[in-house]
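Colleague:
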Amino acid sequence: MKTMKQLFSILILTIGGLFQTQAQDEFTNGLVAYYPFNGNANDASGNGNNATPAGNYQFLTNGLSGGAIRIIGDNSQYYAGGGHVILPTFSSTLNSGFSLSLWVRDEVPGGGAVGNEAYITFQPQNVYPHCQIFLLNEGSPPKLGFEIHSGASAATLDKPIDMGTYPNSWKHLALVSGPGKFACYLNGTKIYETNVFYTNIFPAPYNALGRHWWDTGSSARMSVTYDNVRIYGRALSDSEVQQLYAYEVSNLTNGLLAYYPFNGNANDESGNGNNASISGAVLTTDRFGEANKAFYFNGAGNRLSASITGIPLGNSPRSITAWIKPDGDTHPVNAVIAYGIGDCGGKMFGLSYSKYLGGTPGYDNLGFWGGCQDYSANLFTPPNQWSFVAVTYDGSNIRLFANGLSETDAIGTLSTQNSHLWIGAETLSDGGDFRDFFKGSIDQVRVYNRALLDTEVQKLYASESGPRVDLIKAVKPSFSGLSIGTNYQLQVSGNLNSWTNQGSAFTATNSSMFYPQYFDVDNWGSLFFRLQVSP
46 MKTMKQLFSI
56 LILTIGGLFQ
66 TQAQDEFTNG
76 LVAYYPFNGN
86 ANDASGNGNN
96 ATPAGNYQFL
106 TNGLSGGAIR
116 IIGDNSQYYA
126 GGGHVILPTF
136 SSTLNSGFSL
146 SLWVRDEVPG
156 GGAVGNEAYI
166 TFQPQNVYPH
176 CQIFLLNEGS
186 PPKLGFEIHS
196 GASAATLDKP
206 IDMGTYPNSW
216 KHLALVSGPG
226 KFACYLNGTK
236 IYETNVFYTN
246 IFPAPYNALG
256 RHWWDTGSSA
266 RMSVTYDNVR
276 IYGRALSDSE
286 VQQLYAYEVS
296 NLTNGLLAYY
306 PFNGNANDES
316 GNGNNASISG
326 AVLTTDRFGE
336 ANKAFYFNGA
346 GNRLSASITG
356 IPLGNSPRSI
366 TAWIKPDGDT
376 HPVNAVIAYG
386 IGDCGGKMFG
396 LSYSKYLGGT
406 PGYDNLGFWG
416 GCQDYSANLF
426 TPPNQWSFVA
436 VTYDGSNIRL
446 FANGLSETDA
456 IGTLSTQNSH
466 LWIGAETLSD
476 GGDFRDFFKG
486 SIDQVRVYNR
496 ALLDTEVQKL
506 YASESGPRVD
516 LIKAVKPSFS
526 GLSIGTNYQL
536 QVSGNLNSWT
546 NQGSAFTATN
556 SSMFYPQYFD
566 VDNWGSLFFR
576 LQVSP
């Protein structure tokens, strides 16, 4: 059985039997509060800044990376009876610089017609300065808002957002404030920065997730799920925000709409029930030599089709990944995976295997199918061999991947139309006007409602490339990025939720080190290490 394997950037496994660990200073340096919501709203940073859930809420076990909290808003503009999380009062030391990082999943975007509600807020809206990240859902299009307001002036960004795409999928929001810097981030990417700095926000007595105040009242009308809320007492750099996003999004089931490992059938094993129908394609041997673990297509009508709930349309971000083994068919183009209706006008989206590049026959290259907004990449996918292929789209650029290599093209705006997902075929009218069929084998198809990061695509490629090796019996952690002269305590965990001190605290004499002890991994299904600064 092929399985989805969660990868953690906290650990990098080497066949030599060592775990290289990313120093946790990178994510705990300056961390004031951390709320993973693992059955409670306690501060897991160790600083005691526990939060308090109120109103209509529930703790979940299927968050981004474990637990989460769902708050249910009341749709009222003047009554704060809806679910929210009250944050503690934070120290004035944050006025020298702070960062907010949170994962949110909209359940009912913006609540009622009043629309405006805060994902996170510090100070009432009529008290200055105040800070908030909010959803403005009363206009068209809806907008994400980031703001610090001094009373006399404001650093603010209102970013239009497709609320037809984002509900029920996770997005990462971050705001960074420091001397000469106000910066906003969406899914690890900086979307705005200006050279301003407002102080004296903290200590703020009115702070919350999913609620805001003003002089005559408050409201809590947002229905949203939260996970991994972090508050830092310093301004994170652009690279730190992106690394934090990549670290926390490393759960490769985030945004996964459908997953077809073809384990003897065409079932969707993402848990979303988007099973595919088989038309002529037959089960065959996969790239590991396992029988009935891939599908073979004859290039003359064989295909699979699936109706995928929430498949990205229009200009929405998305990704598709798969493994292919083309037979070297002489047709100019072979459709690998495609969906959409009507061809030209950017109305389609998919992957193709091309026998030409720029009109020259004799190539075996990966291509993008965008409905007359096509792109043939210089990425070789050799015949009669298995290749990992992927396409990501972020709303303006497509990025193609083949066997660890990639190319980008500014394809522009697409207007993909709704249809079934077709595997092994391309059709102009969702089941009619078939033009191109794939000849060869296809395996492990994934469809996402977000643009995967390059690092995530590479993780998928690495994790799916070879047999799983489970022979390591002992590991020895190493750390880098240490501060010389600082005391550290090694901690060990089997689930990333509870941590146990291991050995005595020590003082770093170098910026990197191997811990002088091996650990037997037979005692844990998973094993994680981190260093915490010790008094």
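Its first residue numbered 46, the sequence shown is counted upward by one per residue in my numbering. Glycine is no exception: its CB is placed at the ideal position from the N, C-alpha and C atoms.
1) Can you tell me which of L535, S549, T552, S557 puts its alpha carbon nearest to the alpha carbon of F573?
2) Under 7 Å between the Cβ atoms of Q168 and A249?
3) Taking the DSSP output, what are the residues bridged to L145?
4) Where do the N-terminal and C-terminal ends of the beta strand (DSSP E) with S486 fall, by residue?
5) Which of the three DSSP states, helix, strand or coil, is assigned to F307?
6) At the level of alpha carbons, what is the spacing between D478 and T472?
7) In the DSSP assignment, find the beta strand (DSSP E) that holds Y102 and state where it starts and stops.
8) Could you check the C-alpha separation between S137 and I246 for me, to the nearest Å?
9) So, does the segment 230 to 246 touch the segment 173 to 181, judging by three or more C-beta pairs under 8 Å?
10) Can you check DSSP and say which residues form a bridge with T545?
11) How far does the alpha helix (DSSP H) with T426 in it extend, from its first residue to its last?
12) Following the continuous alpha helix (DSSP H) through T138, name the residue where it begins and the one where it ends.
13) To which residues of the same chain is V514 closer than 6 Å at the C-beta, ignoring the five residues directly before and after it?
14) I'd like to confirm the pairing. Which residues does DSSP put opposite V327 in its beta bridges?
15) When the Cα of F425 is compared with those of L411, V436, W431, F433, which residue comes out closest?
16) If we call anything under 7 Å between Cβ atoms a contact, is Y493 one with F433?
17) With DSSP as the reference, label T405 as helix, strand or coil.
18) Can you give the Cα-Cα distance for K338 and A367, rounded to whole angstroms?
19) My output table needs one value for L301: the three-state DSSP class, helix, strand or coil.
20) Might you give, ordered along the chain, the residues of its own chain that have their beta carbon closer than 6 Å to the beta carbon of A219, omitting 5 neighbours on each side?
21) Rounded to the nearest angstrom, what separates D439 and A496 at their Cα positions?
22) Inspect the beta-carbon positions of I114 and F82 and report whether they are closer than 7 Å.
23) By Cβ distance below 8 Å, which residues in the same chain neighbour V381 in space, the five residues on each side in sequence not counted?
24) Cβ of S144 within 7 Å of Cβ of L281?
25) Apply the 10 Å Cβ neighbour rule to R266 and answer buried if 16 or more other Cβ atoms are within range, or exposed otherwise.
26) For G404, which residues in the same chain have their Cβ closer than 8 Å to its Cβ, ignoring the five residues on either side in sequence?
27) Of the choices I116, G93, G84, whose alpha-carbon is the least far from that of T106?
28) Using C-beta distances below 6 Å, list every residue in its chain close to N252, excluding the 5 sequence neighbours before and after it, in chain order.
29) Which residues bound the beta strand (DSSP E) around P281?
30) Are the beta-carbon atoms belonging to G118 and S214 less than 7 Å from one another?
31) Closest by CA to T461, which one among C389, N429, S538?
32) What would DSSP say about S508, mapped onto helix, strand or coil?
33) State yes or no: is the C-beta of R256 within less than 7 Å of the C-beta of H129?
34) Who are the Cβ neighbours of F191 in its own chain at under 6 Å, not counting the five residues just before and after it?
35) Report the residue from D481, N140, I165 whose alpha carbon sits nearest the alpha carbon of W148.
36) Could you check if W431 is buried or exposed, using at least 16 other CB atoms within 10 Å of its CB as the buried criterion?
Modeller: For this structure:
1) One-based indexing of the sequence shown puts residue 573 at position 528. Checking every option, the nearest Cα to that of F573 belongs to L535.
2) What you label residue 168 is simply residue 123 of the sequence shown in a count that begins at 1. What you label residue 249 is simply residue 204 of the sequence shown in a count that begins at 1. Contact: yes.
3) For this step, residue 145 is matched to residue 100 along the sequence shown. Paired residue(s): L220, I276.
4) Indexing the sequence shown from 1 puts residue 486 at position 441. In the DSSP assignment, S486 falls within the beta strand (DSSP E) that extends over 484 to 493.
5) For the purposes of this step, residue 307 is taken as residue 262 along the sequence shown, with counting starting at 1. Correct three-state label for F307: coil.
6) Against the sequence shown, residue 478 aligns to sequence position 433. Against the sequence shown, residue 472 aligns to sequence position 427. Going by C-alpha positions, D478 is about 5 Å away from T472.
7) On the sequence shown, residue 102 is found 57 positions in, with the first residue counted as 1. For Y102, the enclosing beta strand (DSSP E) has its first and last residue at 102 to 105.
8) What you label residue 137 is simply residue 92 of the sequence shown in a count that begins at 1. What you label residue 246 is simply residue 201 of the sequence shown in a count that begins at 1. Inter-residue distance for S137 and I246 is about 8 Å (C-alpha atoms, whole angstroms).
9) Taking a cut-off of 8 Å for Cβ pairs, the segment 230 to 246 and the segment 173 to 181 touch, as three or more such pairs fall below it.
10) Within the sequence shown, numbered from 1, the residue matching residue 545 stands at position 500. According to DSSP, T545 bridges with V537.
11) The residue given as residue 426 occupies position 381 in the sequence shown. DSSP places T426 outside any alpha helix (DSSP H), giving it a letter other than H or E.
12) As a position in the sequence shown, residue 138 is number 93, starting the count at 1. Note, T138: premise wrong, no alpha helix (DSSP H); not H, not E.
13) For the purposes of this step, residue 514 is identified with residue 469 of the sequence shown, where counting begins at 1. Because the pLDDT at V514 is just 41, under 50, the model does not fix this residue reliably, and the value given afterwards should be weighed accordingly. Here the set comprises nothing.
14) In the sequence shown, the residue the question calls residue 327 occupies position 282. In the DSSP output, where bridge partners are listed per residue, V327 has Y341.
15) For the purposes of this step, residue 425 is identified with residue 380 of the sequence shown, where counting begins at 1. Minimum Cα distance to F425 is reached at L411.
16) Along the sequence shown, one-based indexing puts residue 493 at 448. Along the sequence shown, one-based indexing puts residue 433 at 388. It is not a contact, given that the beta carbons lie outside the stated cut-off.
17) Residue numbering aside, residue 405 sits at position 360 when the sequence shown is read from its first letter. Caution applies to T405, whose pLDDT of 45 falls short of 50 and renders its modelled position unreliable; the value that the coordinates give is listed next. DSSP places T405 in strand when its eight states are reduced to three.
18) As a position in the sequence shown, residue 338 is number 293, starting the count at 1. As a position in the sequence shown, residue 367 is number 322, starting the count at 1. Each residue's alpha carbon lies about 13 Å from the other.
19) Indexing the sequence shown from 1 puts residue 301 at position 256. Here L301 sits in strand by DSSP.
20) Taking the sequence shown and counting its residues from 1, one reaches residue 219 at position 174. Only S146, Y230, V286 meet the Cβ criterion.
21) The sequence position of residue 439 within the sequence shown is 394, counting from 1. The sequence position of residue 496 within the sequence shown is 451, counting from 1. Between D439 and A496, the alpha-carbon positions lie close to 5 Å from each other.
22) As a first step, residue 114 is located in the sequence shown; it is residue number 69 there, counting from the start. As a first step, residue 82 is located in the sequence shown; it is residue number 37 there, counting from the start. Yes, the Cβ-Cβ distance between I114 and F82 is below 7 Å.
23) Start at 1 with the first residue of the sequence shown, and residue 381 comes out as number 336. Closer than 8 Å at Cβ, skipping near neighbours: A367, I369, G395, L396, S397, Y398, V434, I468, G469, F483, I487.
24) Here the question's residue 144 lines up with position 99 in the sequence shown. Here the question's residue 281 lines up with position 236 in the sequence shown. Their beta carbons are under 7 Å apart, which means S144 touches L281 by this criterion.
25) Working through the sequence shown from its first residue, we reach residue 266 at position 221. With 16 or more other Cβ atoms within 10 Å, it is buried.
26) Reading the sequence shown from its first residue, position 359 is the one you call residue 404. Note that G404 scores a pLDDT of 42, beneath 50, so its modelled location is shaky; the value from the coordinates is reported in the next line. For G404, where only same-chain residues beyond five positions count, there are no Cβ hits under 8 Å.
27) For the purposes of this step, residue 106 is identified with residue 61 of the sequence shown, where counting begins at 1. Minimum Cα distance to T106 is reached at G84.
28) Translated into positions along the sequence shown, residue 252 becomes position 207. Counting only Cβ-Cβ distances below 6 Å, and skipping sequence neighbours, we find L132, F167.
29) For this step, residue 281 is matched to residue 236 along the sequence shown. It is Leu, not Pro, that sits at residue 281 in the sequence shown. No beta strand (DSSP E) holds L281; DSSP gives it neither H nor E.
30) What you label residue 118 is simply residue 73 of the sequence shown in a count that begins at 1. What you label residue 214 is simply residue 169 of the sequence shown in a count that begins at 1. Not in contact: G118 and S214 (Cβ atoms no closer than 7 Å).
31) As a first step, residue 461 is located in the sequence shown; it is residue number 416 there, counting from the start. Selected option, being the one with the closest Cα: C389.
32) If you number the sequence shown from 1, residue 508 lands on position 463. Helix, per DSSP.
33) The count along the sequence shown starts at 1 and reaches residue 256 at position 211. The count along the sequence shown starts at 1 and reaches residue 129 at position 84. H129 is positioned such that its CB atom lies closer than 7 Å to that of R256.
34) Position 146 of the sequence shown holds residue 191. The beta carbon of F191 lies closer than 6 Å to those of I178, L202, L220, C229 in the same chain, with the five residues before and after it left out.
35) Along the sequence shown, read from residue 1 onward, the residue named residue 148 stands at position 103. Measuring from the Cα of W148, the nearest candidate turns out to be I165.
36) Residue 431 sits at position 386 when you count from the first residue of the sequence shown. In the assembly as shown, W431 is a buried residue. Its beta-carbon has 16 or more other beta-carbons within 10 Å.
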